[in-house]
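Counting in UniProt numbering, the sequence shown runs from 1 upward without gaps.
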Amino acid sequence: MVPEAQPVVVEAQGAKTFAVPQALFDKHPGKPHLAFEEYRAKYKESIENPTQFWGDLARELLHWDIPFQTVKNGGFETGDVSWFMEGRLNACYNAVDRHAFAEPNGPAVIYEADEPSDGRIITYSELLREVCKLAYTLKEMGIKKGDTVAIYMPMIPEAIVAFLAVVRIGAIHTVVFAGFSSESLRDRVQDAKSKVVITADEGKRGGKNIATKKIVDAALEECPDVKNVIVYRRTGNEVPMKEGRDVWWHDELSKYPAYCPPELMASEDPLFLLYTSGSTGKPKGVMHTTGGYLVGAAATGKYVFDLHPGDKMGTAGDVGWITGHTYCVYAPLLLGVATLVFEGTPAYPNFSRYWEIIAKHKLTHFYCAPTALRLLKRAGDHHIKGDLSSLRILGSVGEPIAEEVWRWYHEKVGREECHILDTYWQTETGSHVITPIGGCTPTKPGSASLPFFGIEPAIVDPVTGRELVGNDVEGVLVIKQPWPSMARTVWGSHQRYMDTYFNVYKGCYFTGDSAARDYEGYYWIRGRVDDVVNVSAHRLSTAEIEAALIQHPAVAESAVVGVADELTGQTVNAFVALKDAYKNTPEMRKELTMQVRKSIGPFAAPKAVYIVDDLPKTRSGKIMRRILRKILSGEEDQLGDISTLSNPSVVEHIINVVHET
Ligand code: WTA
């Protein structure tokens with residue numbers, strides 16, 4: 001039965017509540033998996049009886065070669081959370097084989113190349129063959145269960161093949177976003193101790209070629225443990241190949257049979273590492289495990305995205321970030337639906353590209369970051385072209401979505417026929433934690449709405465650490481009980497994992513974000529409370545950028561702050577004090593920007609570099625970043641008492657520098 005249509009807009013204490021549009025039900029292939037009352041009941045069950053809830057769901061959504069007997073063990077205090085312990089399964093079997101056997105010709109990957117004319121569609125049986133050949137290749141190179149393999153690839157179907165081949169043989173993938181510099185890649189390959197790197201000759205984005213293999217070569221100069229590099233030929237332009245180390249993807253794969261049996265893995269065996277930024281200069285290798293992560297991906301794919309057979313999921317994010325891992329690769333493939341791999345940018349060859357892709361492939365789902373929506377909104381509505389009526393769900397991820405952007409997405413892209421999902425989650429959570437349920441939850445623009453199953457959020461007073469109960473409260477966001485897809489450790493540093501996530505507010509997982517819970521229990525994510533900045537939905541650490549700057553011989557000291565920006569959400573701004581022998585010149589500022597590009601990647605480059613005589617500090621030497629942020633936001637009259645600084649006169653100097661630049 002189709003749920004009854006509700007009024008489109010319900011006024012509710014200032015924030016408008018939007019019901020799921022009737023048009024979504026009308027065009028639905030059946031009906032959404034859940035109605036709102038069912039969500040409420042199931043949510044209650046998931047919190048009160050997580051063992052029963054997740055045990056049932058894990059059996060329903062995944063194929064287990066050996067069933068588990070114990071659903072859940074351990075806790076936050078002891079840092080030993082584990083799920084589905086005795087169970088054995090293989091991620092690749094679950095994502096590919098079972099669908100290739102049931103429906104060999106079903107579409108698995110929809111590849112939209114940078115040039116609109118170059119794409120292709122890969123079926124589940126084709127995907128299985130390609131994955132098996134690469135899995136064989138890796139095995140022949142000596143990769144075994146528990147080894148790590150680095151993937152540094154453009155957004156092409158072979159990136160997905162690489163993910164799946166690695167996990168098929170029980171190895172652990174560590175995917176590095178191809179926008180990272182050679183130094184960042186080097187650090188990640190070294191930290192993960194990867195023995196093989198999978199890459200391409202070049203990438204192609206927005207009509208430009210990217211020197212992917214060259215970056216790998218530079219990174220590997222300091223990675224002697226890497227024995228082999230597998231290179232996929234994407235553009236065919238000549239690239240150096242190192243004798244004895246580098247091999248061509250097509251040469252190797254042509255040697256091996258198109259079936260390679262999957263390795264049986266324990267539920268808690270690591271599935272992948274993904275490096276992410278935190279409060280310190282060194283990125284953390286967040287580790288996810290097989291059973292729990294896959295259950296989280298499949299459960300949110302099913303319920304949040306309301307995926308049904310025949311759906312086509314369009315995640316615009318890169319597979320180098322967690323959004324790509326979970327919603328471009330694992331969730332759609334675990335559920336046997338097609339997933340889009342988009343190599344290009346929303347602006348190439350013009351601002352209609354996203355909408356043309358949706359119309360061309362009749363995508364039912366589209367998922368991107370608000371930063372892209374802001375860009376496209378600014379470019380003008382006349383770019384929204386074509387028949388977008390196949391769409392049911394429009395998702396948003398990675399940063400807060402402002403009300404006017406939400407409304408634009410709803411009205412102009414969705415034509416008020418789609419459900420808008422503002423999904424809140426993190427690399428560490430593995431899958432959505434606070435999010436509307438597709439076709440089910442009434443939404444409010446700007447609110448990520450309600451918790452997903454098994455997620456028990458709480459708002460904590462940051463000063464006292466006490467939980468703020470009831471509605472209409474604001475504070476720091478924590479989660480009170482373990483869920484299957486949460487990260488299990490920081491690679492090589494379990495203590496850092498404990499200290500970052502569990503020792504801040506004892507007994508809880510600390511998200512690093514602040515949030516409000518409104519009078520109806522809806523959550524509104526406010527942003528990070530630590531040193532993480534969010535630039536175009538890329539997660540960066542100010543400490544990491546400072547660590548990059550200090551490597552430049554001219555830099556005595558630096559302070560990096562994030563400032564709100566209409567287009568990119570936040571921008572990176574660097575204040576630098578130079579050593580005596582160096583001068584403040586435009587070239588110097590350029591060099592410092594280059595330093596960050598070289599050390600982290602172009603996407604981390606500061607929008608502005610301010611060279612100053614000194615940084616504002618307390619008497620104990622702590623840099624007062626708050627003052628720098630206020631100056632940049634034009635709030636110089638709200639600096640508070642600066643007389644307690646060790647160097648109060650520097651403030652006026654900094655104000656002048658900012659005004660002059
Ligand atoms: C932010 C991305 C507001 C948040 C999936 C979080 C969001 C960080 C939202 C994680 C949202 C993510 N609304 N803020 N819907 N989604 N964030 O690890 O600050 O790259 O802590 O994972 O992005 O970034 P990460």
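Note that the Cβ used here is the ideal one computed from N, Cα and C, for glycine as well.
Note that this is a predicted model, so its numbers are computed, not measured.
Beta-carbon proximity of residue i to residue j, cut-off 7 angstroms
i	j	result
Thr423	Val405	no
Arg496	Val504	no
Glu343	Asp201	no
Val572	Pro616	no
residue 681	Ala135	Examination of residue 681 is not possible in this model, given that the chain is present from 1 through 661 alone.
Pro270	Thr300	no
Ala338	Ile110	yes
Val196	Arg188	no
Val131	Leu89	no
Leu431	Ser352	Contrary to the premise, residue 431 reads as Ser rather than Leu in this sequence. It is not a contact, given that the beta carbons lie outside the stated cut-off.
Asn584	Ile611	yes
Ala608	Tyr582	no
Gly454	Trp483	yes
Thr315	Gly569	no
His99	Gly296	no
Arg619	Val561	no
Trp355	Ile384	yes
Met313	Gly170	no
Arg517	Tyr509	no
Gly601	Ser181	yes
Gly206	Pro154	no
Trp54	Gly87	no
Residue closest to residue i, alpha-carbon to alpha-carbon, out of the options
i	options	result
Gly439	Leu578, Pro104 and Leu391	Leu391
Ala178	Asn350, Ile198 and Tyr303	Ile198
Leu388	Gln22, Thr364 and Ala402	Thr364
Thr70	His99, Gly291 and Gly475	Gly291
Pro436	Asn73, Ile143, Phe84 and His33	His33
His173	Ala192, Lys139, Pro602 and Gly492	Ala192
Pro445	Glu416, Val463, Arg407 and Lys412	Arg407
Asp311	His28, Ile550 and Ser620	His28
Arg488	Glu38, Leu273 and Val166	Leu273
Thr661	Leu549, Ala574 and Arg625	Ala574
Lys213	Gly206, Val247, Ser194 and Asp225	Val247
Pro50	Leu639, Val533 and Lys72	Lys72
Ser127	Lys144, Gly146, Pro104 and Val149	The identity of residue 127 in the sequence shown is Leu, whereas the question assumes Ser. Nearest C-alpha to Leu127: Pro104.
Thr427	Ser125, Arg374 and Tyr501	Tyr501
Glu221	Leu185, Ser125, Glu587 and Arg234	Leu185
Arg245	Val216, Met588, Glu263 and Gly236	Val216
Residue i: CB within 6 angstroms of a non-hydrogen atom of the ligand ZN
i	result
Thr427	The ligand ZN is not part of this structure, which contains only the ligand WTA.
Separation of residue j from residue i, as counted between CA atoms
i	j	result
Glu238	Lys208	16 angstroms
Ile479	Gly75	12 angstroms
Glu60	Leu340	25 angstroms
Cys223	Gln190	6 angstroms
Thr123	Gly106	5 angstroms
Gly317	Gly414	19 angstroms
Val286	Val469	31 angstroms
Ala298	Asp26	25 angstroms
Ile358	Ala379	18 angstroms
Gln6	Ala19	Unreliable positioning characterises Gln6 in this predicted model, as indicated by a pLDDT of 39, which lies under 50. The coordinate reading is nonetheless provided below. Those two C-alpha atoms are separated by around 6 angstroms.
Pro309	Cys92	19 angstroms
Lys16	Leu592	46 angstroms
Ser646	Val596	29 angstroms
Val9	Pro442	Caution applies to Val9, whose pLDDT of 41 falls short of 50 and renders its modelled position unreliable; the value that the coordinates give is listed next. Going from the Cα of Val9 to the Cα of Pro442 covers about 10 angstroms.
residue 663	Gly142	Past the edges of the chain, shown from 1 to 661, lies residue 663, and the structure says nothing about it.
His250	Ile420	41 angstroms
Glu566	Glu635	17 angstroms
Asp118	Glu112	7 angstroms
Pro283	His538	13 angstroms
His653	Val231	52 angstroms
Met498	Ser82	15 angstroms
Anticipated Cβ contact below 8 angstroms, residue i with residue j, distance rounded
i	j	result
Glu183	Ser633	The pair is not a contact, with the Cβ atoms about 31 angstroms apart (cut-off 8 angstroms).
Gly281	Glu546	7 angstroms
Leu333	Ala108	7 angstroms
residue 668	Ile434	Given a span of 1 to 661 for the chain in the structure shown, any question on residue 668 remains unanswerable.
Leu346	Leu394	Leu is not the amino acid found at residue 346; the sequence shown has Pro there. 14 angstroms between Cβ atoms; not a contact.
Gly507	Glu77	6 angstroms
Val658	Ile631	6 angstroms
Val529	Val476	6 angstroms
Asp381	Lys412	5 angstroms
Val533	Phe603	12 angstroms between Cβ atoms; not a contact.
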